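Asker:
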Amino acid sequence: MDSAISSNTQTAILVVAVAVLFGWLYLKLKPSKPNLPPGSFGLPIIGELIGWVRALESGTAYKWIEERVARHCPIFKTSFMGNRTVVVTGTVANKFVFTSGDEMLRSHQPVPIVYIAGEQSIFEVHGARHKLVRRAIAGFLRPESLQRSVPLMSSLIKRYLTKGAWVLPIYLPFTPYYRALAARRRIYDRFSAIVDERWRRLEYGSLSPNDDVITAMLSMKDEEGRMVPRPEILDNLITLVMASHDTGVSLNASFIRHLAMDEVTLKHICDEHTKILSETKDGNLIWSDVQKMKYTWRVAQELLRIDSPSIGNFRTAVRDISFNGYTIPKGWQTAFPEPEKFNPTRFEGASKSFQPYTFVPFGGGPRVCSGSDYACVSLSLIVHHLVMNYRWSMLVPDELVVRNPFAYPAMDLPIKVYKKEEA
Ligand code: HEM
């Protein structure tokens, strides 16, 4: 039983099959309830938050979950700052979480994230409002829109780090939470000025609703014809920064780190990009070139499988929910063949060798990540410019990967970079 649970846990964790259901049965949790999962609520008020944050910061978050799965079962209860929580792991759990509608499980992030992203962030709104905001955001992240941006993206690399989402929500000067909220206010003011400027230009007619994501949101109307209030637009711009930046930076770092340690994969990648570059007319990349970077994206997917930027997805139970009792369904233990092996070819071809809902780094269902195509294009372009021009080696070869809350090397990945001709 132990080894079954452990292999199940490892596999489940590798595929980001963790969902945390905040406030599960929030009004009705009674110890006498027969189907309440096992687990501990930890200390009064604070619950198990300190241990969880420590695990995130020391790169042992999977172990933290794995220990509880081994001690209890793949569904266990815990508590973070008074939020009664159920953690569910596994392929079946993924399907359950991603496909249950708003009337059963609602997207709801941990308190610090809600305050940093804003209470009207796309992560917090539901039903018709979610659809409306999602339409505006997703419209600009579809391949059709990205096509136009490839030449510009190819020339830009942004670095813009926000931290402090999985922190103790203690609002005292010098705490990470205090700094995170101060950063939110600065970003809010900056975006506010940009939104005002876009609004003036929209009114003046020098911009149209489809020019960028801000003009699209400014032009959105709900079913009663009302415009979306300015604070809601600003919350969603901040959400976009958070949703796109930290996940992207995490994946890029994981890629750079991996290539520094895996000569074989580096060679395959270099061959792919050298061929693509040799086929361009003038050395400038366009959309069709990015589409040829197939091996690069397979490596990215394999890295996402092994260590996804985010460790779980958050939902609040709207009503009492029964999820398979405590039975582990049959399919639970088979996720990926040879899960411990680094093998990008597992993502080759249309019919994959793994079950649906085993690989969910971008989530699934109506809230599937709107930026996955953007993530693919930007990573492919960054990798292209890196491997065509530079070589690098890690200065701290055994550097830990920690989570704050997204996976990132503990010392910010110090590397020695050489121009290719100097290498
Ligand atoms: C490696 C990169 C990325 C990863 C691993 C990732 C992962 C995810 C996941 C797992 C979700 C679903 C969360 C849930 O179900 O609660 C999500 C949602 C979202 N992501 Fe991403 N993401 C990435 C990049 C991006 C980028 C680049 C953008 C925007 C430019 C973006 C924008 C969003 C938005 C707006 C949502 C909310 C969708 C909704 O609620 O309808 N993401 N992402």
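Numbering-wise, this note's numbering comes out as the position in the sequence shown, counting from 1, plus 293. By construction, the Cβ of each residue, glycine as well, lies at the ideal position given by its N, Cα and C atoms. All values reported here derive from a predicted model rather than from experimental measurement.
Would you kindly work out how many angstroms separate the C-alpha atoms of VAL670 and PRO403, rounded to a whole number?
Answerer: So the alpha carbons of these two residues sit roughly 30 Å apart.
Asker: If we count Cβ pairs, one from each stretch, closer than 8 Å, do we get three or more for the segment 539–547 versus the segment 412–429?
Answerer: No, because fewer than three Cβ pairs between the segment 539–547 and the segment 412–429 fall closer than 8 Å, the two stretches do not touch.
Asker: If you drop the 5 nearest sequence neighbours on each side, which residues of the same chain put their C-beta closer than 6 Å to that of ARG696?
Answerer: Closer than 6 Å at Cβ, skipping near neighbours: LEU349, ALA354.
Asker: Would you give the residue range spanned by the beta strand (DSSP E) that LEU398 belongs to?
Answerer: LEU398 -> beta strand (DSSP E) spans 398–400.
Asker: Looking at ASN606 and the ligand HEM, is the gap between the Cβ and the nearest heavy atom below 7 Å?
Answerer: ASN606 Cβ: within cutoff of the ligand HEM.
Asker: Rounded to whole angstroms, what is the Cα-Cα separation between SER615 and ALA668?
Answerer: Whole-angstrom Cα-Cα distance: 35 Å.
Asker: Which of helix, strand or coil does DSSP assign to TYR650?
Answerer: DSSP places TYR650 in coil when its eight states are reduced to three.
Asker: So which of TYR471, ARG550, HIS423 has the shortest CA-CA distance to VAL694?
Answerer: Among TYR471, ARG550, HIS423, the Cα nearest to that of VAL694 is on ARG550.
Asker: Using only the heavy atoms of the ligand HEM, determine whether one of them is closer than 7 Å to the beta carbon of HIS419.
Answerer: Because no heavy atom of the ligand HEM lies under 7 Å away, the Cβ of HIS419 does not count as near it: no.
Asker: Distance check for LEU527 and LEU511, CA to CA, integer angstroms please.
Answerer: For LEU511 and LEU527, the distance between alpha carbons rounds to 10 Å.
Asker: Does the Cβ of TYR517 have 16 or more other Cβ atoms within 10 Å, making it buried, or fewer, making it exposed?
Answerer: The sequence shown places Glu at residue 517, not Tyr. It is exposed - the Cβ of GLU517 has fewer than 16 other Cβ atoms within 10 Å.
Asker: From the DSSP output, read off the bridge partner residues of SER686.
Answerer: In DSSP, SER686 forms a bridge with LYS709.
Asker: On the three-state DSSP scale, how would you describe PRO405?
Answerer: Reduced to three states, the DSSP call for PRO405 is helix.
Asker: Please say whether THR532 and SER414 have beta carbons closer to each other than 8 Å?
Answerer: Their beta carbons are under 8 Å apart, which means SER414 touches THR532 by this criterion.
Asker: Under a Cβ-count criterion, where at least 16 other Cβ atoms within 10 Å of its own Cβ denotes burial, should PHE467 be classed as buried or exposed?
Answerer: The residue in question, PHE467, is exposed, as its Cβ has fewer than 16 Cβ neighbours within 10 Å.
Asker: Per DSSP, LYS356 is paired with what?
Answerer: According to DSSP, LYS356 bridges with nothing at all.
Asker: Sort out for me which residues DSSP pairs PRO702 with in a bridge.
Answerer: Bridge partners of PRO702: VAL694.
Asker: Does the segment 556–567 come within contact of the segment 584–600, defined as at least 3 CB pairs closer than 8 Å?
Answerer: Touching, yes, given that three or more Cβ pairs across the two stretches are closer than 8 Å.
Asker: So is ASP600 buried or exposed if we call it buried at 16+ other beta carbons inside 10 Å?
Answerer: Buried: at least 16 other Cβ atoms inside 10 Å.
Asker: Which residue or residues does DSSP assign as beta-bridge partners of LEU349?
Answerer: LEU349 pairs with nothing; no bridge assigned.
Asker: Give the straight-line distance between the Cα atoms of LEU322 and SER372, rounded to the nearest whole angstrom.
Answerer: Here the model assigns LEU322 a pLDDT of 47, short of 50, so the residue's position is not dependable, and the following value carries that caveat. Approximately 12 Å, taken between the alpha carbons.
Asker: Taking C-alpha atoms, which residue in PHE389, ARG477, GLY340, THR384 lies nearest to PRO405?
Answerer: The shortest Cα separation from PRO405 among PHE389, ARG477, GLY340, THR384 belongs to ARG477.
Asker: Let me check you understand the geometry: is the CB of GLY541 closer than 7 Å to at least one non-hydrogen atom of the ligand HEM?
Answerer: Flag set: Cβ of GLY541 near the ligand HEM.
Asker: According to the neighbour-count rule (16 or more other Cβ atoms, all chains shown, within 10 Å of its Cβ), is PRO436 buried or exposed?
Answerer: By the neighbour-count rule (16 or more Cβ atoms within 10 Å), PRO436 is not buried but exposed.
Asker: Can you tell me where the alpha helix (DSSP H) with ASN529 in it begins and where it stops?
Answerer: It spans 523–554 - the alpha helix (DSSP H) in which ASN529 sits, taken as one unbroken run.
Asker: Once DSSP output is grouped into helix, strand and coil, what is the label at MET513?
Answerer: Note: MET513 maps to coil in three-state DSSP.
Asker: So, is LEU688 buried or exposed, given that buried needs 16 or more other C-beta atoms within 10 angstroms?
Answerer: So LEU688 counts as exposed.
Asker: Please name the residue in LYS370, PRO637, HIS677 whose C-alpha comes closest to that of ASP564.
Answerer: With distances taken between Cα atoms, ASP564 lies closest to HIS677.
Asker: Should SER571 be counted as a contact of the ligand FAD given a C-beta to heavy atom distance under 7 Å?
Answerer: Of the ligands this structure carries, namely the ligand HEM, none is the ligand FAD.
Asker: Tell me, to the nearest whole angstrom, how far the beta carbon of ARG377 is from that of PHE369; I am working on the premise that it is less than 8 Å.
Answerer: Between PHE369 and ARG377 the Cβ distance is about 12 Å, and since that is not below 8 Å, they are no contact.
Asker: Please report the straight-line C-alpha distance between LEU474 and VAL534, rounded to a whole angstrom.
Answerer: In a straight line, the C-alpha of LEU474 is about 14 Å away from that of VAL534.
Asker: Can you determine whether any heavy atom of the ligand HEM sits closer than 7 Å to the C-beta of ARG660, and answer yes or no?
Answerer: Yes.
Asker: Please name the residue in PHE548, VAL381, ASP505, GLN440 whose C-alpha comes closest to that of VAL680.
Answerer: Checked all of PHE548, VAL381, ASP505, GLN440; the closest Cα to VAL680 is PHE548.
Asker: Between the alpha carbons of ILE450 and LEU674, how many angstroms are there, rounded?
Answerer: With a pLDDT of 32 at ILE450, under the threshold of 50, the modelled position of that residue is not reliable, and the figure given next carries that caveat. When rounded, the distance between both Cα atoms is 9 Å.
Asker: Could you check where the beta strand (DSSP E) with THR638 kicks off and where it finishes?
Answerer: Taken as a continuous stretch (DSSP letters only), THR638 belongs to no beta strand (DSSP E), as it is neither H nor E.
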